[in-house]
Amino acid sequence: MTLIEEEGLQLTQVQTLEGHTDRVWGLAWKPATGTAGTPAMLVSCGGDKTVRIWKQRSTSSTSFDCLEVLEEIHTRTVRSCAWSPSGEKLATASFDATTAILEQNGNEFECVSTLEGHENEVKSVSWNASGSLLATCSRDKCVWIWEVLPGNEFDCVSVLQGHTQDVKMVQWHPTVDVLFSCSYDNTIKVWAEDGDSDDWRCVQTLGESNSGHSSTVWAMSFNATGDKMVTCSDDVTIKVWGVDIARLQSGDTSASWGHLCTLSGYHDRTIFSVHWSREGIIATGAADDAICLFIESEDHSVDGPKYKLLLKKEKAHDMDINSVRWSPTENRLLASASDDGTIKIWKLASMH
Amino acid sequence: MTLGLINANPIVREKKERINRAEAADHDAIDPLDIYDILNLISIDLVHIVRDIRDPEHPYSLEQLSVLSEDSITVDHNLARILITFTPTIQHCSMATVIGLCLRIKLKDCFPPHFKLDIKVAPGSHADEEAVNKQLNDKERIVAAMENPNLRQLVEEFDGSRS
Chain A
184 MTLIEEEGLQ
194 LTQVQTLEGH
204 TDRVWGLAWK
214 PATGTAGTPA
224 MLVSCGGDKT
234 VRIWKQRSTS
244 STSFDCLEVL
254 EEIHTRTVRS
264 CAWSPSGEKL
274 ATASFDATTA
284 ILEQNGNEFE
294 CVSTLEGHEN
304 EVKSVSWNAS
314 GSLLATCSRD
324 KCVWIWEVLP
334 GNEFDCVSVL
344 QGHTQDVKMV
354 QWHPTVDVLF
364 SCSYDNTIKV
374 WAEDGDSDDW
384 RCVQTLGESN
394 SGHSSTVWAM
404 SFNATGDKMV
414 TCSDDVTIKV
424 WGVDIARLQS
434 GDTSASWGHL
444 CTLSGYHDRT
454 IFSVHWSREG
464 IIATGAADDA
474 ICLFIESEDH
484 SVDGPKYKLL
494 LKKEKAHDMD
504 INSVRWSPTE
514 NRLLASASDD
524 GTIKIWKLAS
534 MH
Chain B
1211 MTLGLINANP
1221 IVREKKERIN
1231 RAEAADHDAI
1241 DPLDIYDILN
1251 LISIDLVHIV
1261 RDIRDPEHPY
1271 SLEQLSVLSE
1281 DSITVDHNLA
1291 RILITFTPTI
1301 QHCSMATVIG
1311 LCLRIKLKDC
1321 FPPHFKLDIK
1331 VAPGSHADEE
1341 AVNKQLNDKE
1351 RIVAAMENPN
1361 LRQLVEEFDG
1371 SRS
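First to last, the protein sequences are chains A and B. The opening residue of the first sequence carries number 184 in the numbering used here; numbering runs sequentially from there. The opening residue of the second sequence carries number 1211 in the numbering used here; numbering runs sequentially from there.
Here it is, written out as structure tokens:
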């Protein structure tokens, strides 16, 4: 992990990507792009029912072009999108109650499978680390786990019920097959496979009584090693949680997550998105149109890690920010998506 | 969707006479130096717009039913925020979320897009105040509701200007 020089860092806008005709909800950088020899690729989706693919003109360029607009995949808002870890497949979740699986064929993307089962709006989709499992969640309060089979077959292996309201997001742990979901019911739930019964069950619920959130939990993200998780909420706070990673990786999936700290006073409206970069920078995007960046502070206290504001970009967009995503490579690029219909590409760099 | 009248005999107030402020409709012409006047102007203008939305259950305007008054609209120009608190006609009004949705849709194009709109029921005016307020301001659920043809139709039916 590189040392983050904290002085004189600046978030500079590189480009505004225009094309969506309604709010942009979701973003995902394609894995293994943006490295030497491979131009970065980004997918976005939104209220205009489209999925758009954006590609860096060349590895040395800061310009992105719209490669393709996919209009026929969904009939309602496309709420979120996620690449499989290999980048071979793209999953899109829509308010039309379906999740679509797309594959790239040359320069064309085609829908190879449509996952049906949720009663209403699908809000989020996530692949596990190996790409063998997919999770989806919906306003129907359920989380579904799908097994990825050869020939683009997807088998539902479990329907997880436990949330009492709308499930906003699902996210797999980056190294262990443990699933996390967050909800309008203010809680985060941790799901793991039961060794005996072969079924999935809720192993932990992080609610207000565990120093959790007091309103809708909108999103979550993990640090690179997977021993910490960050969550953001309508209660305008950001919370960091920790686990004994050695216990978790030794197969004890019930290793419990504990509250480490709460960051408050940085945003004053709903925080919709949070993303932890591989080098340790937490980015947040909120309904106050601002982006904040946080890093772990050097001065550790006995109470655990502390995080401090690295910088705040006010008026990063003209309207609510729905998603912030760091590029998976070392180039310190951040993408943000907004109700204003644009995606912005930012570069974190020293002023000098 | 069939709707029975939940409150069949509401208290109806006189419709207030009002100065025609049609010239205030152009928000782009706002002079930032005259904040107080603008605030009044916009508040009146907003009441002007929303008071014609009909209460879903009654043929009276929301103002006549005391669901809305000029006091229920607060505009913060510095922060570009608008807060509307409305009073459902009865404590258990099941239509509160639909009234709130009507207000939001009706107001959507009435001020610059960067304004933030919060819609709430007046404190103490609804048995499920917290739950109603939460739902009224979850934008994902608002979007989903407006993509639902039945709900969309319901909202448009209650919007006086479109009937």
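Where a beta carbon is used, it is the ideal one built from N, C-alpha and C, also for glycine.
Under DSSP, the alpha helix (DSSP H) around ILE428(A) begins and ends at which residues? 428-432
Give every residue of the same chain whose Cβ lies closer than 6 Å to the Cβ of ASP471(A), excluding the five residues on either side of it in the sequence, and list them in chain order. HIS450, ASP451 and ARG452
Per DSSP, which residues does ARG1291(B) bridge with? Please list them. ASP1286(B) and LYS1326(B)
Only counting the same chain, and skipping five residues up and downstream in sequence, which positions put a Cβ closer than 8 Å to that of THR388(A)? GLY345, THR370, ILE371, LYS372 and VAL373
So, with DSSP's three-state summary, where would you put THR1307(B)? helix
Beta-carbon contacts of LEU210(A) that lie in its chain and below 6 Å, excluding the five residues immediately before and after: SER227, SER506, ARG508, ALA518 and ALA520
Contact set for THR1307(B): own chain, Cβ-Cβ below 8 Å, skip 5 residues either direction: VAL1342, GLN1345 and LEU1346
Can you look up ARG1362(B) in the DSSP assignment and give me helix, strand or coil? helix
Please decide whether ASP501(A) counts as near chain B, where near means a Cβ-Cβ distance under 7 Å. yes
Is there a C-beta anywhere in chain A that falls below 7 Å from the one on ALA1290(B)? no
Cβ of THR282(A) within 7 Å of Cβ of VAL252(A)? no
Under the DSSP definition of a beta bridge, which residues are partnered with ARG508(A)? ALA518(A)
7 Å Cβ cutoff met for LEU136(A) and ILE526(A): One cannot answer for residue 136(A) here, as it falls past the ends of chain A, which runs 184 to 535.
Local Cβ density within 10 Å of GLN239(A), reported as buried at 16 or more and exposed below that: buried
Taking LEU446(A) as the reference, give the member of ASP435(A), SER480(A) and SER439(A) with the closest Cα. SER480(A)
Excluding the five sequence neighbours on either side, which residues of its own chain have a C-beta within less than 6 Å of the C-beta of ARG384(A), listed in chain order? ASP377
Check ASP1281(B) in the structure and name its three-state DSSP category. helix
Whole-Å CB distance - ALA223(A) paired with TRP212(A), under 8 Å assumed: 7 Å
Which runs of the beta strand (DSSP E) spanning at least 3 residues fall entirely within the region 252-330 of chain A, listed in chain order? 261-266, 272-277, 282-288, 291-298, 305-310 and 316-321
Which chain A residues are close to HIS1324(B), counting only those with a beta carbon under 7 Å from its beta carbon? ASP501 and MET502
Close Cβ partners of ARG262(A) (< 8 Å) along its chain, the five nearest in sequence each way excluded: TRP208, GLY209, CYS228, ALA276, SER277, PHE278, GLU304, VAL305, LYS306 and SER307
Burial state of MET403(A) (16 or more Cβ within 10 Å): buried
Reduced DSSP category for SER392(A) - H, G, I as helix; E, B as strand; rest coil: helix
Would you say ALA1341(B) faces chain A, with C-beta separation under 7 Å as the test? no
Grouping DSSP H, G and I as helix and E and B as strand, with all else coil, what is ILE464(A)? coil
Between MET412(A) and GLN193(A), is the Cβ-Cβ spacing less than 7 Å? no
Is the shortest distance between the beta-carbon of ALA1306(B) and the beta-carbons of chain A less than 7 Å? no
Could you tell me which of ASN1288(B), LEU1293(B), LEU1289(B) and HIS1287(B) sits nearest to GLU1280(B), measuring between CA atoms? LEU1293(B)
Starting from GLY230(A), find everything on chain B with Cβ-Cβ shorter than 7 Å and list it in chain order. VAL1353
Just how far apart, CA to CA, sit ASP390(A) and PHE405(A)? Note that residue 390(A) is Gly in the sequence shown, not Asp. Rounded to the nearest angstrom, the two C-alpha atoms are 18 Å apart.
Assuming ARG1351(B) is part of the beta strand (DSSP E), what are its boundary residues? ARG1351(B) -> not in any beta strand (DSSP E); alpha helix (DSSP H) instead, spanning 1349-1357.
Helix, strand or coil at VAL1342(B) [DSSP, three-state]: helix
Which same chain residues end up closer than 7 Å to ASN514(A) when comparing Cβ atoms and leaving out the 5 residues on each side of it in sequence? GLY217
Selection from CYS475(A), MET502(A), ILE528(A) and ILE454(A) that minimises the alpha carbon distance to LYS1326(B): MET502(A)
Name the two residues that bound the continuous beta strand (DSSP E) containing ALA211(A). 207-212
Below 7 Å between beta carbons: does that hold for VAL400(A) and THR414(A)? yes
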